[in-house]
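In our numbering, the protein residues as written are 2 to 189.
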């Protein structure tokens, strides 16, 4: 079993904001796997897929970003998922826009959603896919930036990043080792 979590905020007004990269990417993964987010459970919107006979749970916490850990902890408990079976997709202000960085483990950095997850589950020892959103041309406070809408001219760049992130988590769910996923998708 694998639990794939895309971080974001649930309201329509946040749909195309930088902070919803995780929601967008896990949505892309669901599309590629031919499944829909039909269930609401554990404070999350959930889709269920099967890859090679294994169950894969895709989720979007509806707790808002800063409380994402509550939903992740509940989902891990319900589906009996260990940290080694968890992969989280989220935006990263410290990476250039459109770049992917995949890690097997790590800290929360400056990301409140990741801070919430690590605080709730008690470890940072789980895989993550970070989608870079930093734009050196924009000079506004980070909180305002992450909640602003993606510029239309940047849509193709972020669509490609979300597609690659979806491919990466699907590979992980197929049993491709995290080191191989990192080697394939990490961008310099």
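The C-beta atom is built at its ideal place from N, Cα and C for all residues, glycine as well.
{"Query": "Contacts around residue 82, its chain only, beta-carbon distance under 8 Å, and the 5 residues preceding and following it disregarded", "Result": "2, 3, 4, 58, 76"}
{"Query": "Residue 191 in three-state terms, based on DSSP", "Result": "An answer regarding residue 191 cannot be provided, because it is not within the stretch 2 to 189 covered by the chain."}
{"Query": "Residue range of the unbroken alpha helix (DSSP H) whose run includes residue 91", "Result": "Residue 91 -> not in any alpha helix (DSSP H); beta strand (DSSP E) instead, spanning 87-97."}
{"Query": "Residue 49 (DSSP reduced to helix, strand or coil)", "Result": "strand"}
{"Query": "Reduced DSSP secondary structure (H/G/I, E/B, other) of residue 39", "Result": "coil"}
{"Query": "Nearest neighbour of residue 169, chosen from 66, 63, 110, 31 [CA to CA]", "Result": "31"}
{"Query": "Run of the alpha helix (DSSP H) containing residue 1, from where it starts to where it stops", "Result": "Outside the modelled stretch of the chain, which goes from 2 to 189, sits residue 1, for which no answer is possible."}
{"Query": "Host alpha helix (DSSP H) of residue 55 (start-end)", "Result": "From DSSP, residue 55 is part of no alpha helix (DSSP H) but of the beta strand (DSSP E) over 55-62."}
{"Query": "For residue 20 and residue 9, believed in contact at Cβ under 8 Å, the rounded distance", "Result": "6 Å"}
{"Query": "Residue environment, residue 156, which counts as buried when at least 16 other CB atoms sit within 10 Å", "Result": "exposed"}
{"Query": "With 16 other Cβ atoms within 10 Å as the buried cut-off, status of residue 174", "Result": "buried"}
{"Query": "C-beta contact flag for residue 171 and residue 105 at 8 Å", "Result": "no"}
{"Query": "Cβ separation of residue 92 and residue 118, assumed to be a contact under 8 Å, to the nearest whole Å", "Result": "Their Cβ separation, rounded to whole angstroms, is 14 Å, which puts residue 92 and residue 118 out of contact at 8 Å."}
{"Query": "Pairwise C-alpha distance: residue 11 and residue 63", "Result": "5 Å"}
{"Query": "Terminal residues of the beta strand (DSSP E) in which residue 116 lies", "Result": "Run containing residue 116: none in the beta strand (DSSP E); it sits in the alpha helix (DSSP H), 113-122."}
{"Query": "For residue 129, three-class secondary structure by DSSP", "Result": "strand"}
{"Query": "Assigned exposure category for residue 78 - 16 Cβ within 10 Å defines buried", "Result": "exposed"}
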